[in-house]
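S.K.: My questions all concern the structure below.
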DNA sequence: CTACCGATTGACT
DNA sequence: GTCAATCGGTAGA
């Protein structure tokens, strides 16, 4: 159980990966601690023509993971918080999928402690909120998500979502017209 | 070292 | 809906 998705899943166009990521399970272990969640909202960031991508201006120290192998994490800091991406396409091709929201499945008590709130809807709704709930920070930047340790994604036996909605991405200040946000239409755990 | 910025969030009207 | 607090990362002096 909780078999990690392998690199062939990630080594594809980020739009395809983004759509198929919906309904998948994110797993985080820290010693005995376990948290899992169902992915309900993602955004794709493209290798070409996407001025909102952190890789748009080329390789930097911060975005180096986006140029790394598929199936690794890209964790960046923004507004004093962290956000988690999965890297797609082959090494040196900078594309990724941002995980924006998940539905908590297990380890709720841990998430409440890490988030300092017991309001279920605020635990994992939003890219930085879910990182806090899952204890994801820059130490996991570049982490290999295919080895099934500490942090990975799995099919988790959860059925694929029936209704997928598409919209423009949230918060970006350029490439505003690109509809690269994918979410499960009827989930209550969507970010605003 | 200082100066700025942001793929956000929480508080507030 | 609006707004600004927050701080890691980066660029530049």
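Numbering (our numbering), first residue to last: 9 to 200. Heads up, the beta-carbon is just placed ideally off N, CA and C, and yes, glycines get one too.
1. State the DSSP-derived secondary structure class of residue 135, mapped to helix, strand or coil.
2. Starting from the C-beta of residue 115, find all residues in its chain whose C-beta is less than 6 Å away, skip the five residues before and the five after it, and write them out in chain order.
3. Taking residue 152 as the reference, give the member of 105, 76, 50, 101 with the closest Cα.
4. Helix, strand or coil: which one does DSSP assign to residue 90?
5. To the nearest angstrom, how far is the alpha carbon of residue 97 from that of residue 57?
6. Could you check what DSSP says for residue 13 in three-state terms: helix, strand or coil?
7. Could you tell me the distance, in whole angstroms, from the CA atom of residue 48 to the CA atom of residue 159?
8. Taking 8 Å as the threshold (C-beta atoms), are residue 83 and residue 148 in contact?
9. Would you report the Cα separation of residue 192 and residue 168, rounded to the nearest angstrom?
10. Three-state secondary structure (DSSP) at residue 113?
11. Along the alpha helix (DSSP H) that carries residue 28, what are the first and last residues, could you check?
12. Which of the three DSSP states is assigned to residue 71 in this structure?
13. Tell me residue 35's beta-bridge partners as DSSP assigns them.
14. Classify residue 129 as buried or exposed, calling it buried when 16 or more other Cβ atoms lie within 10 Å of its own Cβ.
M.R.: Considering the structure as presented:
1. One-based indexing of the first chain puts residue 135 at position 127. Three-state DSSP puts residue 135 in a helix.
2. By one-based count along the first chain, residue 115 stands at place 107. Contacts found: 42, 43.
3. Taking the first chain and counting its residues from 1, one reaches residue 152 at position 144. That would be 76, whose Cα lies nearest to the Cα of residue 152.
4. By one-based count along the first chain, residue 90 stands at place 82. Strand.
5. By 1-based counting over the first chain, the position of residue 97 is 89. By 1-based counting over the first chain, the position of residue 57 is 49. In a straight line, the C-alpha of residue 97 is about 16 Å away from that of residue 57.
6. Position 5 of the first chain, counted from the start, is the residue given in the question as residue 13. Reduced to three states, the DSSP call for residue 13 is coil.
7. If you number the first chain from 1, residue 48 lands on position 40. If you number the first chain from 1, residue 159 lands on position 151. When rounded, the distance between both Cα atoms is 18 Å.
8. Numbered from 1 along the first chain, position 140 holds the residue referred to as residue 148. Numbered from 1 along the first chain, position 75 holds the residue referred to as residue 83. At the C-beta level, residue 148 and residue 83 come within 8 Å of one another.
9. Reading the first chain from its first residue, position 184 is the one you call residue 192. Reading the first chain from its first residue, position 160 is the one you call residue 168. Straight-line Cα distance between these residues: approximately 10 Å.
10. To locate residue 113, count along the first chain from 1; it is residue 105. Collapsing the DSSP output to three states places residue 113 in a strand.
11. Sequence index remark: in the first chain, residue 28 carries index 20 (1-based). Segment 22 to 29, the alpha helix (DSSP H) holding residue 28.
12. Walking along the first chain from the start, residue 71 turns up at place 63. In this structure, residue 71 counts as coil in the three-state DSSP scheme.
13. Mapped onto the first chain, residue 35 falls at position 27. Residue 35 has 44, 160 as its beta-bridge partners, per DSSP.
14. The residue you call residue 129 lines up with position 121 of the first chain. Exposed: under 16 other Cβ atoms inside 10 Å.
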